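What follows is a single structure, written as structure tokens, with notes after it.
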Amino acid sequence: MQLSKRISELPNYPFAKLEKIVADLKKTGVKPIDFGVGDPADPTPDFIREAAQKSIDRYAASGYPSYIGSADFREAVAEWFEKRFGVKLDSEKEITSSIGAKEAIFHFPLAFVDTNDIVLIPTPGYPPYARGCEFAGGKPYFLPLLKENDFLIDFAKIPAEVAKRAKILWLNYPNSPTGAIATDEFFKTAVEFCRRNEIILASDLAYSEIYFSEKPKSILEFTRKGVVEFHSFSKRSRMTGYRIGFVVGDAEIIDAFKKVKTNIDSGTPNFLQDAAIAALTDEQHVKKSIEEYREKRDILTAALESIGLEKCEPAAAFYIWQRVPNGMSSEDFAKKLLTPKIAIVATPGSWISNVTENGENPGESFVRFALVPTITEVKEAAERTRQNLKF
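With our numbering, you'll find the sequence shown wraps up at 431, consecutive numbering, no jumps.
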């Protein structure tokens, strides 16, 4: 059997490597505390699970769901979006459901990217931005997110010849993994850059509801012409296993993406859409999550600072993008955390960053902690760190 060139040349998915590390530790009798994959350990709220259970019976005899989401689901999204961002959306033309954000992000380039077209991708960042581009035949051009720029893209450093060939620009603010929030000025600059170069602006807003100060904004608050935005219930409502999200924006872009989806999947199950509708009607569980993530952030960042690491206090998302000690690589530091007395799993920054045109990997000096273990586990991790590490 011979694998396709596309698959044989594909590097391992970084979070699959983390799952193997956790499994191997458990085999040795060590119980690791896993800050690796961004999958919340706390359960999905009761009322959301109950809505899904009731809906299973409601649709007991139903067939395939709508390719683009039920009218009820899209109307619920439109209503929530207006309340949250002050933007009115046409539920028929400007909204479609998705099987989670990952599916939508991965498949989106199929609608617009031809062989050797360029897609502008922030790094560090979510691997499907690049993987989806490559599977569509495009070429990723990586834009470094650097601390000295507050982890914002520097558009002035994108070569003119690259911008002319680019079809899509990916943004992700609140940012994974840095926790950065974009300013109004940055969004306006991004919109102007994309209009000038006829580039689709694709914004991943999966972390919009996890923030610790100012509310993050939607790019649609600035314009919807040439703009599309991807949303997820995984982070907002701890629905990672439900695989449901939605895509909103420019009606022409949404229409093209619908054509891709109708040829790939058969729609999001109706009972999951009903669970998501329930999730959108309640903000209390979101506020509770924010406070829990804030507590986890404060516990772990204090512990890391106490052992001599640089202070890191992200403004949003549920990650800590911690700079490692001078002279250490991100992998070396992550390996130190895996020693049996500490047994903490974190993601080396180099695993979720790509080498840019200047030959550097902007994640090499960082590790990522996903604040997904329980508060009790985070406290235990903080204590293990204080007792067994010092720089």
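C-beta atoms are modelled at their ideal positions from N, C-alpha and C, and glycine is treated no differently. None of these values were measured; they are calculated from a predicted model.
What are the start and end residues of the alpha helix (DSSP H) that includes residue i?
| i | result |
| --- | --- |
| Asp-112 | 111 to 125 |
| Lys-328 | 324 to 346 |
| Thr-280 | Looking at the DSSP string, Thr-280 is not in any alpha helix (DSSP H), and its letter there is neither H nor E. |
| Arg-264 | Where Arg-264 is concerned, there is no enclosing alpha helix (DSSP H), given that its DSSP letter is neither H nor E. |
| Lys-94 | 86 to 98 |
| Phe-373 | 370 to 377 |
| Gly-172 | 167 to 175 |
| Lys-419 | 415 to 428 |
| Ala-101 | No alpha helix (DSSP H) holds Ala-101; DSSP gives it neither H nor E. |
| Ile-47 | 45 to 48 |
| Asn-310 | 310 to 320 |
Give every residue of the same chain whose Cβ lies closer than 7 Å to the Cβ of residue i, excluding the five residues on either side of it in the sequence, and list them in chain order.
| i | result |
| --- | --- |
| Pro-388 | Ser-370, Glu-371, Ala-374, Val-407 |
| Ile-317 | Asp-112, Phe-113, Ala-116 |
| Tyr-282 | Phe-273, Leu-312, Ala-315 |
| Gly-289 | Glu-134, Leu-260, Arg-264, Val-267, Val-268, Glu-269 |
| Asp-82 | Arg-278, Thr-414 |
| Lys-419 | Ile-339 |
| Ala-91 | Asp-314, Ala-315, Ala-318 |
Going by the CB atoms, is the gap between residue j and residue i shorter than 8 Å?
| i | j | result |
| --- | --- | --- |
| Phe-15 | Leu-349 | Outside the modelled stretch of the chain, which goes from 41 to 431, sits residue 15, for which no answer is possible. |
| Gly-109 | Thr-308 | yes |
| Ile-161 | Phe-182 | yes |
| Lys-255 | Tyr-107 | no |
| Leu-241 | Gly-266 | yes |
| Asp-157 | Pro-413 | no |
| Ala-206 | Asn-237 | yes |
| Thr-425 | Ala-343 | yes |
| Pro-217 | Tyr-251 | no |
| Thr-396 | Asp-79 | no |
| Thr-136 | Ile-294 | yes |
| Ala-141 | Ala-246 | yes |
| Val-153 | Ile-208 | yes |
| Val-159 | Pro-180 | yes |
| Phe-125 | Ser-253 | no |
| Asn-428 | Ile-360 | no |
| Ser-405 | Val-364 | yes |
| Ala-151 | Phe-286 | no |
| Phe-262 | Lys-228 | yes |
| Tyr-99 | Asn-303 | no |
| Ile-139 | Tyr-166 | no |
| Ala-176 | Pro-149 | yes |
| Ile-384 | Ala-357 | no |
| Leu-211 | Pro-402 | no |
| His-325 | Pro-85 | yes |
| Val-62 | Pro-380 | no |
| Phe-431 | Ile-347 | yes |
Based on the DSSP output, what are the partners of residue i in its beta bridges?
| i | result |
| --- | --- |
| Glu-269 | Ser-243, Val-288 |
| Ala-356 | Tyr-251 |
| Leu-209 | Leu-160, Leu-241 |
| Thr-387 | Arg-408 |
| Asp-74 | Val-385 |
| Arg-235 | The partner list for Arg-235 (beta bridge, DSSP) is empty, contrary to what the question assumes. |
| Arg-363 | Phe-406 |
In terms of residue numbering, what span does the beta strand (DSSP E) encompassing residue i cover?
| i | result |
| --- | --- |
| Ala-410 | 406 to 410 |
| Ile-135 | 135 to 138 |
| Phe-182 | 179 to 184 |
Within a Cβ cutoff of 6 Å, which residues of the same chain sit near residue i, ignoring the five residues on either side of it in sequence?
| i | result |
| --- | --- |
| Asn-394 | Thr-163, Phe-182 |
| Leu-65 | Pro-72 |
| Glu-345 | Lys-351 |
| Ala-222 | Tyr-213 |
| Asp-244 | Asn-212, Phe-270 |
| Trp-120 | Leu-320 |
| Phe-233 | Phe-195 |
| Ser-131 | Arg-114, Glu-115, Ala-118 |
| Phe-170 | Residue identity differs from the one stated: residue 170 is Ala in this sequence, not Phe. Cβ neighbours of Ala-170 beyond the five flanking positions: Ile-161, Pro-180. |
Sorted by chain position, which residues of the same chain lie with C-beta nearer than 8 Å to residue i's C-beta, five sequence neighbours on each side aside?
| i | result |
| --- | --- |
| Lys-204 | Asn-237 |
| Ser-306 | Tyr-104, Pro-105, Tyr-107 |
| Ile-330 | Glu-249, Ile-250, Tyr-251, Phe-252 |
| Leu-411 | Phe-75, Tyr-333, Lys-336, Arg-337, Leu-340, Phe-358, Tyr-359, Ile-360, Val-418 |
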